[in-house]
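Take a look at the structure below.
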Amino acid sequence: MKSAVLVFPGINRERDMARALRLVSGREPAMVWHAETSLPEGTDLVVAPGGFSYGDYLRCGAIAARAPVMDAVRAFASDGGLVLGVCNGFQILCESGLLPGILMRNARLKFICHDVHLRVERSDTPFTRGYNAGQVIRVPVAHGEGNYAADEDTIRRLEGEGRVLYRYCSASGEVGDTHNINGAAQSIAGIVNERGNVLGMMPHPENHVEDIMGCTDGRGLFAGLVAHLERAA
Amino acid sequence: MKARVTVTLKAGVLDPQGKAIEGALKSLGVDGIASVRQGKVFDIELDGDKTKAEAALKAAADKLLANTVIENYRVEVLG
Chain A
334 MKSAVLVFPG INRERDMARA LRLVSGREPA MVWHAETSLP EGTDLVVAPG
384 GFSYGDYLRC GAIAARAPVM DAVRAFASDG GLVLGVCNGF QILCESGLLP
434 GILMRNARLK FICHDVHLRV ERSDTPFTRG YNAGQVIRVP VAHGEGNYAA
484 DEDTIRRLEG EGRVLYRYCS ASGEVGDTHN INGAAQSIAG IVNERGNVLG
534 MMPHPENHVE DIMGCTDGRG LFAGLVAHLE RAA
Chain B
19 MKARVTVTLK AGVLDPQGKA IEGALKSLGV DGIASVRQGK VFDIELDGDK
69 TKAEAALKAA ADKLLANTVI ENYRVEVLG
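Residue numbers (the working numbering), protein chains in the order written: chain A, 334 to 566; chain B, 19 to 97.
Listed below in C-alpha cells is the structure:
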C-alpha cells in the first residue's frame, strides 16, 4: 500500500499516522506538504491526519481545506482513490466538501481526551473489512470539536445508505446518549462519502496499533485497507 | 474602504458556546437576558469601488469565512 500523509502547518499527529501506516503496510508513507499541487505517482491512500492545522483558527480544518494540495486530493478521490481523514483530517474533509456536514464544538464544551468504544457498523467496506460487523473496538479520542452535525436530509441519507461506519457506544456495544461523548448526531464517529472511498472519523485508530500502546484495536482499519488494495491489485 | 462581514450560526443550529455564555451572564446576575448566540466579526479593508468590494466580500464569505452548512453571513461596506 503506497500511502501519502498530508502535512499542514500546525498538524501534530502526522508522524503517529506515518508510523501506523509503516507498521501495518510495511512501506514508508510519503509526507506531502500542503503547498504541493500533486500527489506522488501511484498513491493508493491519502491520509489527512489529526492535529491542529493552522491552530484551528477560523473553524477547525477550514483553512487547510483550501490549501493547494486539496485540489489534487479532490481529483484523486473523484478517480476513486481511497482517502482517510482522522480528527482534524475529518474536519478538513468536511470543510473541503469531500464529506457532508460539519464538526461542531462538543455539546458539553469540554476537550475530550480518553479511550472510547466504537461499534463497527459493517465490514464490507475498504475501511472496515479488518473487523466484523457489530464488533466493538477501543480507540482514543482527543478533540474539542467532534460533534458531527448535518441537516436532517443528510443524516437520513447517511443512515439509509449505510454510510455510518463507526458509532460511539458502550464497551458492550450499546449506542445511546450516555456513550455519545460529544453530542454527535446519531452518535456518529465516522462516515463515508456516497461512493464509499472517503472516510472521515474523529477517533484515532493510529494510536492503538502496537502492544506498547496498550491496545491494538486500531490496526484492523489499516490492515483492512491493505487487504482491500491487495485484492484490487 | 472599510467593510465588515458578520458570521452567525443559522437558527436552529445548537450553539454550545452561546449557551455557556448565556449561563454565565445569568449567574453574574445580568438581568433580562433571554438567550445568547455567538458569532464572528471580520473587519476588512479593501481597495477599489464599492460594487467590486461587495463582490469580493461575498466571495470571501462564501469561499472561506463562513461555512454555509451551519452559518449565515452579512456583508456591510462601512465607507
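All C-beta atoms, glycine included, are put in the ideal place defined by N, C-alpha and C.
Start and end residues, beta strand (DSSP E) containing residue i
| i | result |
| --- | --- |
| Ile435(A) | 435-437 |
| Gly506(A) | Where Gly506(A) is concerned, there is no enclosing beta strand (DSSP E), given that its DSSP letter is neither H nor E. |
| Arg500(A) | 497-502 |
| Met350(A) | Note, Met350(A): premise wrong, no beta strand (DSSP E); alpha helix (DSSP H) at 347-358. |
| Ser336(A) | 336-340 |
| Gly533(A) | 531-534 |
| Ala363(A) | 363-366 |
First and last residue of the uninterrupted alpha helix (DSSP H) at residue i
| i | result |
| --- | --- |
| Val559(A) | 552-565 |
| Ala71(B) | 68-78 |
| Lys81(B) | Premise fails: Lys81(B) is in no alpha helix (DSSP H) and is neither H nor E. |
| Ile425(A) | 421-428 |
| Leu43(B) | 34-45 |
Among the options, nearest to residue i - alpha-carbon criterion
| i | options | result |
| --- | --- | --- |
| Asp404(A) | Gly506(A), Glu492(A), Glu454(A), Leu372(A) | Leu372(A) |
| Asp377(A) | His561(A), Ser336(A), Arg438(A), Met535(A) | Ser336(A) |
| Val93(B) | Thr86(B), Val87(B), Ala71(B) | Ala71(B) |
| Ser411(A) | Gly553(A), Arg528(A), Met546(A), Asp550(A) | Arg528(A) |
| Arg407(A) | Glu563(A), Ile425(A), Gly388(A), Phe460(A) | Ile425(A) |
| Val25(B) | Asp67(B), Ala73(B), Gly97(B), Asp61(B) | Asp61(B) |
| Pro382(A) | Gln468(A), Ile521(A), Ala398(A) | Ala398(A) |
| Tyr499(A) | Trp366(A), Ile470(A), Thr511(A) | Ile470(A) |
| Ala518(A) | Ala483(A), Asp544(A), Val559(A) | Ala483(A) |
| Asn90(B) | Arg55(B), Lys68(B), Glu63(B), Gly66(B) | Arg55(B) |
| Thr511(A) | Val497(A), Val474(A), Arg441(A), Asn421(A) | Arg441(A) |
| Glu492(A) | Gly523(A), Leu415(A), Gly422(A) | Gly523(A) |
| Ala565(A) | Thr370(A), Gly414(A), Val472(A), Arg455(A) | Gly414(A) |
Chain D contact residues for residue i, given Cβ-Cβ distances below 8 Å
| i | result |
| --- | --- |
| Arg392(A) | No chain D is present in this structure, whose protein chains are A and B. |
Strand pairing of residue i, partner residues [DSSP]
| i | result |
| --- | --- |
| Leu27(B) | Glu89(B) |
| Lys20(B) | Glu63(B) |
| Lys58(B) | Val25(B) |
| Glu539(A) | Bridge partners of Glu539(A): none, in fact. |
| Glu94(B) | Arg22(B) |
Near the ligand ZN: residue i beta-carbon under 6 Å from a heavy atom
| i | result |
| --- | --- |
| Gly97(B) | In terms of ligand content, the structure shown is empty, and the ligand ZN therefore cannot be addressed. |
Below 9 Å between beta carbons is the criterion; list the residues of the segment 420-453 of chain A that meet it against any residue of chain B, in chain order.
Cys427, Glu428, Pro433, Gly434, Ile435, Met437, Arg438, Asn439, Ala440, Arg441, Leu442
Contacting positions in the segment 74-87 of chain B - beta carbon closer than 8 Å to chain A:
Lys81, Leu82, Leu83, Asn85, Val87
For the segment 481-495 of chain A, which residues have a beta carbon sitting closer than 8 Å to at least one beta carbon of chain B?
Ala482, Ala483, Asp484
Within the segment 444-529 of chain A, ranges of the beta strand (DSSP E) (whole runs, at least 3 residues):
445-453, 469-476, 480-482, 497-502, 521-525
Let me know the alpha helix (DSSP H) ranges lying completely inside the segment 382-418 of chain A, each 4 residues or longer, listed in chain order.
Counting only runs of 4 or more residues that sit fully inside the segment 382-418 of chain A, the alpha helix (DSSP H) segments are 402-411, in chain order.
Could you please tell me which residues of the segment 34-62 of chain B, in chain order, have their CB closer than 7 Å to any CB of chain A?
Pro34, Gln35, Ala38
Short-range partners of chain B found in the segment 390-417 of chain A, where Cβ spacing is below 8 Å:
Listed by position, the residues of the segment 390-417 of chain A near chain B (Cβ gap below 8 Å) are Leu391, Arg392, Ala395, Ile396, Arg399.
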